[in-house]
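J.:
There are 2 protein chains.
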Amino acid sequence: MVFFRFTCTSCGKATEEEALRCPLCDEPMDVEADLPSSFPPVKPKETLMERFRDFFPFADPRSDLSLGEGFTPLVDMEALGRSFGLSSLWAKNEGANPTWSFKDRGTLTGVIHAMEMGYDRIGTVSTGNMAASVAAYGARAGIETVVLVNKGLPREKLGPIAMYGPRLIKVDGDYGRLYHESLRIGKKLGIYFINSDAPFRVIGSKTISYEIWEQLNRSVPDWVVVPVSAGGNLRGIVQGFVDLVSMGLLNRLPRFLVVQAEGCSPIVKAFEEGAEKVRRFDSPHTVAHAIENPFPPSGNQVLRLVRANGWSCKAVSEDSIIEAQRALAFNGLFVQPASAVALAGLKKAMADGTVEQGQSAALILTGAGLKYTAVFGQHDLSWTQCSLDKLEKALR
Amino acid sequence: MVFFRFTCTSCGKATEEEALRCPLCDEPMDVEADLPSSFPPVKPKETLMERFRDFFPFADPRSDLSLGEGFTPLVDMEALGRSFGLSSLWAKNEGANPTWSFKDRGTLTGVIHAMEMGYDRIGTVSTGNMAASVAAYGARAGIETVVLVNKGLPREKLGPIAMYGPRLIKVDGDYGRLYHESLRIGKKLGIYFINSDAPFRVIGSKTISYEIWEQLNRSVPDWVVVPVSAGGNLRGIVQGFVDLVSMGLLNRLPRFLVVQAEGCSPIVKAFEEGAEKVRRFDSPHTVAHAIENPFPPSGNQVLRLVRANGWSCKAVSEDSIIEAQRALAFNGLFVQPASAVALAGLKKAMADGTVEQGQSAALILTGAGLKYTAVFGQHDLSWTQCSLDKLEKALR
């Protein structure tokens, strides 16, 4: 096993023992591992973990567990960016992953770690993207996979998870408590829960940063805009750029814009109130379901990162999310509302001067539009009808 | 403009004039163009048309039109293949494209050609994957995009097309006639219809073959298994391997297994009856909607290819499609029923000895499972429920 250790994001405690959260302060843990001395050249046929094997503390890149995750396109949204006055706008389209969200990167790293530790059961607590992702990779690995969802999840949201054949359980009880209960039960019964901010899930998101840097000719945009729910994806993306700085491949980090929906914005609220800790957000409600986490387990660490680096947080309205989703589709990318939140946040940050005219930005588009088709009802979709005989006239 | 010409798939007539179908015999046309002298090395940041620019007769790879299509994973389905007695089984996952189907490759090549020809309107006739793909790339290109669908298309299928903002028209009339009418009207009014077997759509599918060959260390499997509807994708994939043979990079073509659903199998029927031409299939009905084309416009050419090369055709039952869809999901890939048809066909071909034990095969998985969620009702999906307090006991 390659050397690595867990370090607490808050108190800094370091340990080589398995720790999903800090045993001292219950804050989330980072994984610290050696980095390679140079960036690997691209090869025609490699899995994500083969490509970046020297960046991860795994004995084996486990190509047998890959479903083809990562290597997602960074789409040049030049026209859209120019319309806002940006010098460049890029969209990292994570909807091109095997289960159509960024979760696949971290699910794979989580599953590899679980299997290297000898676990034969994995699990997750999720209502959407992560549940499908863990179910898929658990099926791929051929190990028992427990997916815990909240009791109210409708049938149409259960289908894309159940197709992969996990042990799917609707749990009746407080959903926030379920996260912590799953870790307790998992430790006791030997189930490795790859929850939203599990350290070995978080490091999977580092590959997003490695790819962006390479796709931009070994540079970074002024801003990276990330929709934030639990906070794990943001932490991983930041860490990826930190790695590149550590390796001497990058002079400075990009700035980060953390975006949440106004209807569920506990981190933005704590930031604006100057609070040290994130508090549970009352009555969350937003069309951006995939980031509707009222009490994000890595929320305090996101706050620390934003403050320490002088970054920014924005909360965006429901209308602006719908408008941003449409603007992206009008430029060829149909994303889920939670992803559109990034564009809505960028627009807001440009309007108030946080992001300046002439700067460049990359949006992290976390998941595919087909994930949440109920949103069609909120768009002004239009079509006409005509008979075949009158078609020529209609098109004239 | 780089030199190319259209040649008829049936009578061989060659022309440098724009021809979507042969002016002599009304059969589909191929695009013949010069090939490069060697295969390009892979670079970290390239669009599909940048990568393969020397394979296509375009003046410019038009990176500005790219949405990040292609470069899809070839997933090693070792366990599943072994369970059938195959030496190797691979899955080309086209659901990882920008609009989640293989159509994006050919839509891009079609749009580039249309724009190089000076068209400012494009269109398509489709009810699903192709409609969404053309709407997306038309939006990306910023040109007027006409999408013609049949009158009966339900609202939930209109949404994923309408999101991109095309001119979407439900046409009341015979759907088979609509294909030919669109070509006539397009020619008259200057609308470039990138229909299912338009020559410049077909060549987009060649990149699937280039990628497979490269992903398999410059080799090919014994069999390539393709779900076939209009026939354009099959033609393009075959042509891609023919290119590699022409370039001296491959000794012989892989064998092709053409698969259709029994409920709409006009090509298989003609093949089995020894007919020279495909006839319209009466009362088509299958869960594999995306390949439910009762009168495939490239059907005769598919027949010619299969017969000339001694390949094979299979029609598969509805039950076997559902079973194959689940088997793929149990191995981590959730595909639409039309894609699962490939696995069902391979199983059938192994059972009757067409494909032999110990051979290798690649499945072309044409589109994502999220494209058609109504299929959940046909699967035995299961979940349980328990209270948070009893969760530990349930998982013990």
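Chains A and B supply the protein sequences, listed in that same order.
Here the first sequence stands for residues 1 to 396, numbered as in UniProt numbering.
Here the second sequence stands for residues 1 to 396, numbered as in UniProt numbering.
Don't be surprised by glycine CBs; every beta carbon is placed ideally from N, CA and C.
In terms of DSSP beta bridges, what is residue 255 (chain B) paired with?
T.: Note: residue 255 (chain B) sits in a beta bridge opposite B:223.
J.: For residue 137 (chain A), would you say it is in contact with chain B, using Cβ-to-Cβ distances shorter than 9 angstroms as the test?
T.: Yes - at least one Cβ of chain B is within 9 angstroms of the one on residue 137 (chain A).
J.: At the 9 angstroms Cβ level, is residue 364 (chain A) part of the contact set with chain B, yes or no?
T.: Not an interface residue.
J.: Since residue 163 (chain A) and residue 334 (chain B) are thought to touch, with beta carbons under 8 angstroms apart, how far apart are those beta carbons, to the nearest angstrom?
T.: Contact flag correct, Cβ pair sits at about 5 angstroms.
J.: Helix, strand or coil for residue 308 (chain A)? Go by DSSP, reduced to three states.
T.: Of the three classes helix, strand and coil, the one that applies to residue 308 (chain A) here is helix, per DSSP.
J.: In whole angstroms, what separates the C-alpha of residue 318 (chain A) from that of residue 232 (chain B)?
T.: Going by the C-alpha atoms only, they are around 42 angstroms apart.
J.: Using a Cβ-Cβ distance under 9 angstroms, would residue 88 (chain A) count as near chain B?
T.: For residue 88 (chain A), the answer is no, since every Cβ of chain B falls outside 9 angstroms of its Cβ.
J.: To the nearest angstrom, how far is the alpha carbon of residue 271 (chain A) from that of residue 303 (chain A)?
T.: Distance between the alpha carbons of residue 271 (chain A) and residue 303 (chain A): 7 angstroms.
J.: Out of B:365, B:26, B:27, B:5, state which residue places its alpha-carbon closest to the alpha-carbon of residue 17 (chain B).
T.: Per the Cα distances, B:5.
J.: Can you name the start and end residues of the alpha helix (DSSP H) that residue 412 (chain A) belongs to?
T.: No statement about residue 412 (chain A) is possible, as the shown extent of chain A runs from 1 to 396 and does not include it.
J.: Sort out for me which residues DSSP pairs residue 90 (chain A) with in a bridge.
T.: According to DSSP, which records beta bridges pairwise, residue 90 (chain A) is partnered with A:76, A:362.
J.: I'd like to know whether the C-beta of residue 159 (chain B) is nearer than 9 angstroms to at least one C-beta of chain A.
T.: Yes, its Cβ sits closer than 9 angstroms to a Cβ of chain A.
J.: Would you check if the distance between the CB atom of residue 90 (chain A) and the CB atom of residue 74 (chain A) is smaller than 9 angstroms?
T.: It is a contact, given that the beta carbons lie within the stated cut-off.
J.: Please state whether the Cβ-Cβ distance between residue 388 (chain B) and residue 146 (chain A) is less than 9 angstroms.
T.: Going by C-beta atoms, residue 388 (chain B) is not nearer than 9 angstroms to residue 146 (chain A).
J.: Please classify residue 138 (chain A) as buried or exposed, where buried requires at least 16 other C-beta atoms within 10 Å of its C-beta.
T.: It counts as buried.
J.: Contact between the segment 200-216 of chain A and the segment 41-55 of chain A is defined here as three or more beta-carbon pairs at a separation below 8 angstroms; is this criterion met?
T.: Enough Cβ pairs lie closer than 8 angstroms, so yes.
J.: Could you pull the DSSP bridge partners for residue 387 (chain B) from this structure?
T.: Residue 387 (chain B) pairs with A:172.
J.: Reducing DSSP to helix, strand and coil, say where residue 260 (chain A) ends up.
T.: Residue 260 (chain A): strand per DSSP, three-state reduction.
J.: Taking the alpha-carbon positions, what's the residue 261 (chain A) to residue 169 (chain A) distance?
T.: One C-alpha to the other measures close to 28 angstroms.
J.: Give the range of the alpha helix (DSSP H) segment to which residue 243 (chain A) is assigned.
T.: Run containing residue 243 (chain A): 232-246, per the alpha helix (DSSP H) assignment.
J.: Quick check on residue 98 (chain B): buried or exposed, where buried means 16 or more other Cβ atoms within 10 Å of its Cβ?
T.: With 16 or more Cβ atoms within 10 Å of its Cβ, residue 98 (chain B) is classed as buried.
J.: Chain B partners of residue 284 (chain A), CB-CB under 7 angstroms?
T.: Residues of chain B passing the Cβ test: none, with the nearest at roughly 19 angstroms.
J.: Check whether the segment 219-234 of chain A touches the segment 110-119 of chain A, counting contact only when three or more Cβ pairs, one atom from each stretch, lie closer than 8 angstroms.
T.: The segment 219-234 of chain A, when compared against the segment 110-119 of chain A, does not touch it at the 8 angstroms Cβ threshold.
J.: Contact check, residue 365 (chain B) vs residue 344 (chain B) under 8 angstroms by CB: the rounded distance?
T.: The Cβ separation is near 12 angstroms, so there is no contact.
J.: For residue 195 (chain A), would you say it is in contact with chain B, using Cβ-to-Cβ distances shorter than 9 angstroms as the test?
T.: False, the Cβ-Cβ gap to chain B never drops below 9 angstroms.
J.: Pull up the distance between the alpha-carbon of residue 321 (chain A) and that of residue 150 (chain A), whole angstroms please.
T.: Computed Cα separation, rounded: 25 angstroms.
J.: Can the beta-carbon of residue 254 (chain B) be found less than 9 angstroms from the beta-carbon of residue 282 (chain B)?
T.: Taking 9 angstroms as the Cβ cut-off, residue 254 (chain B) and residue 282 (chain B) do not qualify as a contacting pair.
J.: Using Cβ-Cβ distances below 8 angstroms, what residues of the segment 237-260 of chain B are close to chain A?
T.: The residues in question: there are none.
J.: Compare the C-beta of residue 329 (chain B) with all C-beta atoms of chain A and state if any pair is closer than 9 angstroms.
T.: So yes, residue 329 (chain B) belongs to the interface.
J.: Could you tell me whether the Cβ of residue 183 (chain A) comes closer than 9 angstroms to any Cβ of chain D?
T.: No chain D appears in this structure, whose protein chains are A and B.
J.: Mind checking the segment 334-359 of chain A against chain B and listing, in chain order, the residues whose C-beta falls within less than 9 angstroms of any C-beta there?
T.: The segment 334-359 of chain A vs chain B, Cβ under 9 angstroms: 334.
J.: Could you check whether the segment 186-205 of chain A touches the segment 286-303 of chain A, counting it as contact only if at least three pairs of C-beta atoms, one from each stretch, sit closer than 8 angstroms?
T.: Taking 8 angstroms as the limit for Cβ pairs, the verdict is that the segment 286-303 of chain A does touch the segment 186-205 of chain A.
J.: Which residues in chain A have a C-beta closer than 7 angstroms to the C-beta of residue 383 (chain B)? List them in chain order.
T.: Chain A residues near residue 383 (chain B): 158, 162, 168, 169, 170.
J.: Out of B:26, B:20, B:3, point me to the one whose CA is closest to residue 10 (chain B)'s CA.
T.: It is B:26 whose Cα lies nearest to the Cα of residue 10 (chain B).
J.: With a threshold of 9 angstroms between beta-carbons, can residue 303 (chain A) be considered close to chain B, or not?
T.: Residue 303 (chain A) does not count as touching chain B.
J.: Determine the DSSP secondary structure at residue 28 (chain B), reduced to helix, strand or coil.
T.: Three-state result, residue 28 (chain B): strand.
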